[in-house]
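Chemist: One structure coming up, written as structure tokens, with questions to follow.
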Amino acid sequence: MERHLDLFDKVVRLTMPQQAQAGGFYPYFVPIDSPSGPEVIIGGKPTIMLGSNNYLGLTQHPHVVAAAHRAIDRYGTGCTGSRLLNGTLTLHQELESRLAKFMGTEAALVFTTGFQVNLGVISSLVGRNDVLILDRSDHASIVDGARLAFGRTLRYPHNDMAVLERLLIEHHGKSGILIVVDGVFSMEGDIARLPEIVRLARKYGARVMVDDAHGVGVLGAGGRGTSEHFGLQDQVDLVMGTFSKSLASTGGFIAGTAEVIYFIKHSARAFLFSASIPPASAAAALAALDVIETEPERRTTLWANAHRVKAELTSMGFDTGVSETPIIPIVVGDEFRLAQFWKCVFEKGVFGNAAITPAVEPGHALLRTSYMATHEDHHLDRALTVFREAGREFGLIS
Ligand SMILES: Cc1ncc(COP(=O)(O)O)c(C=O)c1O
């Protein structure tokens, strides 16, 4: 009898997660039973949270929480439609004006998630005759935006400006070119070489878009992100940001000139065909912007925490890769060993993120740790003690 090829065959072939679960070292979908603060409750046990992107600790800030409550009271729980049709609130417009002002651009557009920003913006701007150039370490949402775009996608090895220039020379004058780069690389915590990227882009007539998911709120004197950090705010064509990290909510935005934002608003399918961000999420992001502006000391504490941990982990002998930000990886290498290291650290009361391929290069598995303004010294003392113990047990340090 003829055997059918079953679409679901691949389902049976996925065995790695089950093996890790059976072995008791499965690091994903761990249910948390408390707010995402510096310490969380997991399985009834207090655990130090080093896996959150709540960099400024604003998810529990009274001003942010109160704004979200008020928005629910005024607008209800959801908009039940896309921005194009019935889903635009005055609150969304207020948030967009505020974001544009904050980012120093003419306009901004709010999407329902940061992931959708990259899908929608890249696929609407990069047309059939255009070329998209990505850093090989760019976030998955940029890669998926590239998959949706009709133009050709080219990649350069992480931070390799010589290859970037070669690609630009090849396509200069023949196609419209968009370079998209993470401002802060989300797993390794290093910062894009924006001055060089912008210089090359100007030289060869390319446009630059920065995904500043991990830069906004963290980098720059005013927390405006990677371009502010380098003093290049007027040189970057588009900045993408998310509300799901420093802005303590969910949603995302793109900021740029009024003309380009208007085009995106009328052509990005991930924007046009998806329900708008709920009122509470929009209000929380708006209130988080207030706090970023009025409490700059949070950023100072965040950086003090990050510098302390980076210095101590390095002096213990850990490989923390190329981190320059509050994202500090502990490089383990092998994925299986990482899962066991994750479990060891977790059982000692510290939660980090186990990052394996495709989030990192093969053979470069790492425990991604990230810090908050609301981590206090006692949290960090405890975490560092746990890392020292676990690092010795696993032979990562001597
Ligand atoms: C660099 C980067 N870009 C985009 C996103 C997507 O953002 P969101 O969580 O708002 O969908 C993330 C979040 O993981 C990210 O780290």
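For reference, each letter of the sequence shown is one residue, going 0 to 397 in numbering that gives the first Met the number 0. Glycine is no exception: its CB is placed at the ideal position from the N, C-alpha and C atoms.
1. By alpha-carbon positions, which one of F340, R298 and V238 ends up nearest to G394?
2. Under 8 Å, do A338 and F24 count as touching if we go by C-beta distance?
3. Within its chain, find whatever has a CB closer than 7 Å to the CB of H62; leave out the 5 residues flanking it on each side and keep chain order.
4. Answer with buried or exposed for V328, where buried requires no fewer than 16 other C-beta atoms within 10 angstroms of its C-beta.
5. Ordered along the chain, which non-local residues of its own chain (more than five positions away) have a Cβ less than 8 Å from that of L312?
6. Skipping 5 residues on each side, what residues in its chain have a beta carbon closer than 7 Å to that of A148?
7. Measure the beta-carbon distance from M239 to N117 and round it to whole angstroms, keeping in mind my assumption that it falls under 8 Å.
8. Is the Cβ-Cβ distance between H377 and G332 less than 8 Å?
9. Can you name, in chain order, every residue of its own chain whose Cβ lies under 8 Å from the Cβ of I396, other than the five neighbours on each side?
10. Counting pairs of beta carbons, one from the stretch 260 to 276 and one from the stretch 150 to 162, are three or more of them closer than 8 Å?
11. Can we count N85 as close to ligand 3, meaning its CB is less than 7 Å from some heavy atom?
12. Check each candidate in E334, Q18, P45 and Q20 and name the one with the smallest Cα separation from I31.
13. Per DSSP, which residues does L193 bridge with? Please list them.
14. How about V183 and T58: do their beta carbons lie closer than 8 Å?
15. My assumption, with CB atoms under 8 Å, is that V180 sits in contact with V209. Please give the rounded CB distance.
16. Per the contact definition of three or more C-beta pairs closer than 8 Å, is the stretch 76 to 93 in contact with the stretch 217 to 231?
17. Can you determine whether any heavy atom of ligand 1 sits closer than 7 Å to the C-beta of A212, and answer yes or no?
18. Regarding T405 and ligand 1, is the C-beta to nearest heavy atom distance less than 7 Å?
19. The alpha helix (DSSP H) spanning F386 covers which residue range?
20. Out of G250, L193, A267 and R69, point me to the one whose CA is closest to L231's CA.
21. To the nearest angstrom, report how far apart T293 and T256 are at their CA atoms.
22. Using the C-alpha atoms, what's the distance from R69 back to D189?
Modeler: The structure says:
1. What you label residue 394 is simply residue 395 of the sequence shown in a count that begins at 1. For the residues F340, R298 and V238, the minimum Cα distance to G394 belongs to F340.
2. Within the sequence shown, numbered from 1, the residue matching residue 338 stands at position 339. Within the sequence shown, numbered from 1, the residue matching residue 24 stands at position 25. Result yes, Cβ atoms of A338 and F24 sit closer than 8 Å.
3. The residue labelled residue 62 in the question sits at position 63 within the sequence shown. Counting only Cβ-Cβ distances below 7 Å, and skipping sequence neighbours, we find A286, D289 and V290.
4. Mapped onto the sequence shown, residue 328 falls at position 329. According to the sequence provided, residue 328 is Pro. The question's Val does not apply to it. Buried.
5. Position 313 of the sequence shown, counted from the start, is the residue given in the question as residue 312. Only T319, I327, I329, L383 and F386 meet the Cβ criterion.
6. Locating residue 148 in the sequence shown gives position 149, where the first residue counts as 1. Closer than 7 Å at the Cβ level, and outside the excluded window around A148, lie I121, S122, V125 and L131.
7. The residue given as residue 239 occupies position 240 in the sequence shown. The residue given as residue 117 occupies position 118 in the sequence shown. So it is a contact: roughly 6 Å between Cβ atoms.
8. Position 378 of the sequence shown, counted from the first residue, corresponds to residue 377. Position 333 of the sequence shown, counted from the first residue, corresponds to residue 332. Not closer than 8 Å, so no.
9. Reading the sequence shown from its first residue, position 397 is the one you call residue 396. So the list reads M315, G316, F317, R387 and G390, once near-sequence residues are dropped.
10. no
11. Questions concerning ligand 3 fall outside what the structure shown contains, since the ligands it does hold are ligand 1.
12. As a first step, residue 31 is located in the sequence shown; it is residue number 32 there, counting from the start. Nearest option by C-alpha distance: P45.
13. The count along the sequence shown starts at 1 and reaches residue 193 at position 194. BP columns for L193 are empty, so no partner.
14. Counting from one through the sequence shown, the residue named residue 183 turns up at place 184. Counting from one through the sequence shown, the residue named residue 58 turns up at place 59. Result no, Cβ atoms of V183 and T58 do not sit closer than 8 Å.
15. For the purposes of this step, residue 180 is taken as residue 181 along the sequence shown, with counting starting at 1. For the purposes of this step, residue 209 is taken as residue 210 along the sequence shown, with counting starting at 1. The Cβ separation is near 6 Å, so the contact holds.
16. no
17. Here residue 212 corresponds to residue number 213 of the sequence shown, with the count starting at 1. Yes, since a heavy atom of ligand 1 falls inside the 7 Å radius drawn around the Cβ of A212.
18. No information on residue 405 is available, as it lies outside the stretch 0 to 397 that the chain covers here.
19. Start at 1 with the first residue of the sequence shown, and residue 386 comes out as number 387. Unbroken alpha helix (DSSP H) run through F386: D376 to E392.
20. Here residue 231 is taken as the residue at index 232 of the sequence shown, counted from 1. Answer by Cα proximity: L193.
21. For this step, residue 293 is matched to residue 294 along the sequence shown. For this step, residue 256 is matched to residue 257 along the sequence shown. Using only the alpha carbons, I get a separation of about 26 Å.
22. The count along the sequence shown starts at 1 and reaches residue 189 at position 190. The count along the sequence shown starts at 1 and reaches residue 69 at position 70. When rounded, the distance between both Cα atoms is 38 Å.
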